[in-house]
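Asker:
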Amino acid sequence: MNNVTDKATTVQMKWDVRQRLILLETTLLMVGWVRITSLMEMFSISRAQASKDFQGYQLLRPNNLRYNKSAKYYEISDGFMPLLLTGKTSELLSIFHTPHTPNPPVLSLTAYQPHASAINPLDREIDLTIFRLISNAAYNHRKVKILYQSLTQADSQERIISPHTLVYSGYRWHIRAYSEHHQAYRDFVLARIKNVPTLIDEVGIDDTNDTEWHTQVPIVIGPHPNLSDNHKTVIVDDYGMCDDQITVQMRGALVGYFLKLMHLEPSREHPDAKVQQIVVLNKDVVKHWVWGE
Numbered sequence: 000m001n002n003v004t005d006k007a008t009t010v011q012m013k014w015d016v017r018q019r020l021i022l023l024e025t026t027l028l029m030v031g032w033v034r035i036t037s038l039m040e041m042f043s044i045s046r047a048q049a050s051k052d053f054q055g056y057q058l059l060r061p062n063n064l065r066y067n068k069s070a071k072y073y074e075i076s077d078g079f080m081p082l083l084l085t086g087k088t089s090e091l092l093s094i095f096h097t098p099h100t101p102n103p104p105v106l107s108l109t110a111y112q113p114h115a116s117a118i119n120p121l122d123r124e125i126d127l128t129i130f131r132l133i134s135n136a137a138y139n140h141r142k143v144k145i146l147y148q149s150l151t152q153a154d155s156q157e158r159i160i161s162p163h164t165l166v167y168s169g170y171r172w173h174i175r176a177y178s179e180h181h182q183a184y185r186d187f188v189l190a191r192i193k194n195v196p197t198l199i200d201e202v203g204i205d206d207t208n209d210t211e212w213h214t215q216v217p218i219v220i221g222p223h224p225n226l227s228d229n230h231k232t233v234i235v236d237d238y239g240m241c242d243d244q245i246t247v248q249m250r251g252a253l254v255g256y257f258l259k260l261m262h263l264e265p266s267r268e269h270p271d272a273k274v275q276q277i278v279v280l281n282k283d284v285v286k287h288w289v290w291g292e
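Each residue of the sequence shown is one higher than the last, beginning at 0 in this note's numbering.
1. Is the beta carbon of Asp38 sitting closer than 7 Å to the one on Asp15?
2. Determine the extent of the beta strand (DSSP E) in which Arg46 is found, giving its start and end residues.
3. Could you check where the beta strand (DSSP E) with Gly221 kicks off and where it finishes?
4. Tell whether a beta-carbon distance below 7 Å holds between Gln244 and Val219.
5. Let's test the definition: count the other Cβ atoms within 10 Å of the Cβ of Val247 and tell me whether it reaches 16, buried, or not, exposed.
6. Determine, using beta carbons only, whether Ser178 and Ile192 come nearer to each other than 7 Å.
7. Is the distance from the Cβ of Leu280 to the Cβ of Gly239 below 7 Å?
8. Which of the three DSSP states is assigned to Met41 in this structure?
9. Leaving out five residues before and five after Glu264 in sequence, what residues of the same chain have Cβ atoms less than 7 Å from its Cβ?
10. What's the call for Asn229, buried or exposed, on a 16-neighbour Cβ count within 10 Å?
11. Helix or strand or just coil, what does DSSP make of Thr109?
12. Taking only runs of the beta strand (DSSP E) that begin and end inside the region 227-282, which ones reach a length of at least 3 residues, in chain order?
13. Taking only the alpha-carbon atoms, compute the straight-line gap between Val284 and Met29 and give it to the nearest angstrom.
14. Less than 8 Å between the CB atoms is what I'm expecting for Arg185 and Trp212, so what's the real figure, rounded?
15. Do you know how far the Cα of Arg131 is from the Cα of Pro104?
16. Below 6 Å CB to CB, which residues in the same chain sit around Asn62 once its five sequence neighbours on both sides are set aside?
17. Measure the alpha-carbon distance for His269 versus His223 and round it to whole angstroms.
18. So, with DSSP's three-state summary, where would you put Thr164?
19. For Ile174, report the span of its beta strand (DSSP E) as first-last.
20. Considering only the alpha carbon of each residue, which of Arg158, Asp154, Ile204 and His173 lies closest to His180?
21. Please state the DSSP three-state secondary structure of Arg141.
22. Thr100 by DSSP, collapsed to three states: which one?
23. Confirm, please, whether the CB-CB distance from Val33 to Tyr66 is below 7 Å.
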């Protein structure tokens with residue numbers, strides 16, 4: 000089926016069917032397999048309706064999944080080609096966040112809505128084949144061989160890693176994994192993986208000894224000390240601070256990413272308090288997780 004036909008078909012899909020097929024395709028991408036009962040339980044539909052959804056998906060993408068009789072589920076095929084997912088970072092991020100939010104987005108029940116506009120950073124592309132294989136390795140606790148281009152090496156280097164967690168840093172996706180070459184847990188940016196990863200049939204090294212990942216670091220943030228009292232009050236209200244500060248608990252491995260996202264890295268601090276507005280109040284604690292001091 001060509002892209003034009005795909006687009007026409009997906010546009011004509013009923014909203015509820017589209018949501019179920021997005022869940023089906025996402026599960027295949029993230030986990031590598033899916034059962035009919037997943038749709039039944041998530042959307043409270045009958046087995047007949049769930050089976051119809053699977054049949055409809057297979058008509059549109061016959062090479063995306065195959066039935067595993069012994070395991071009694073559908074598993075992803077090597078020829079997987081997304082039907083509904085495009086690989087946009089914002090799209091994948093919504094997949095991760097929506098199930099965990101207290102009030103997930105729903106359709107408006109009225110056609111009359113206030114005007115709204117949002118500014119978003121440039122949307123980065125991600126190779127869904129790489130994403131799928133890395134996610135599969137992480138979910139199934141398997142090692143994977145990659146060709147990685149770091150910014151510290153002139154050429155790409157082959158690495159064998161044991162992925163354990165996908166992370167979106169606010170700017171891009173990376174995988175937290177144990178690196179056999181470095182004999183340590185490190186972060187690997189998915190966009191810097193230059194080949195189709197090769198899954199290795201060996202049990203990966205889990206995250207049990209990833210100290211940086213399992214250590215919670217308190218980051219205490221407050222208004223810039225050089226702001227006037229009135230301006231400090233504005234910042235306190237803006238961030239919902241209590242006693243002129245707010246504490247964010249962050250995994251040690253993610254502290255640097257958080258500081259970068261909030262423009263709180265020392266190298267990026269602005270000398271003008273009105274521009275900087277907030278600062279880290281417990282730098283003596285935080286600095287260890289950024290510079291290893």
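Beta carbons are placed, not taken as given, at the ideal position from N, Cα and C, and that holds for glycine.
Answerer: Once the coordinates are examined:
1. Note on identity: in this sequence residue 38 is Leu, with Asp being the wrong assignment. No. Outside cutoff.
2. First-last for Arg46: Arg46 to Leu59, but that is the alpha helix (DSSP H), not the beta strand (DSSP E).
3. Gln215 to Pro222
4. yes
5. exposed
6. no
7. no
8. helix
9. Leu258
10. That one is exposed.
11. Residue placement at Thr109 is flagged as unreliable, the pLDDT there being 47, under the threshold of 50; the coordinate-derived value follows with that caveat. If DSSP states are grouped into helix, strand and coil, Thr109 belongs with coil.
12. Runs of beta strand (DSSP E) with 3 or more residues, each lying fully within the region 227-282, are found at 245-250 and 277-279, listed in chain order.
13. 36 Å
14. At roughly 11 Å, the Cβ-Cβ gap does not stay under 8 Å, so Arg185 and Trp212 are not in contact.
15. For Pro104, the predicted structure reports a pLDDT of 40, less than 50, and the residue's modelled location is therefore unreliable. The matter cannot be settled from this model.
16. Ser76 and Gly78
17. 11 Å
18. strand
19. In this chain, the beta strand (DSSP E) harbouring Ile174 covers Trp172 to Ser178.
20. Arg158
21. strand
22. Per-residue confidence for Thr100 stands at a pLDDT of 43, beneath the threshold of 50, marking its modelled position as unreliable; no derived number is given.
23. no
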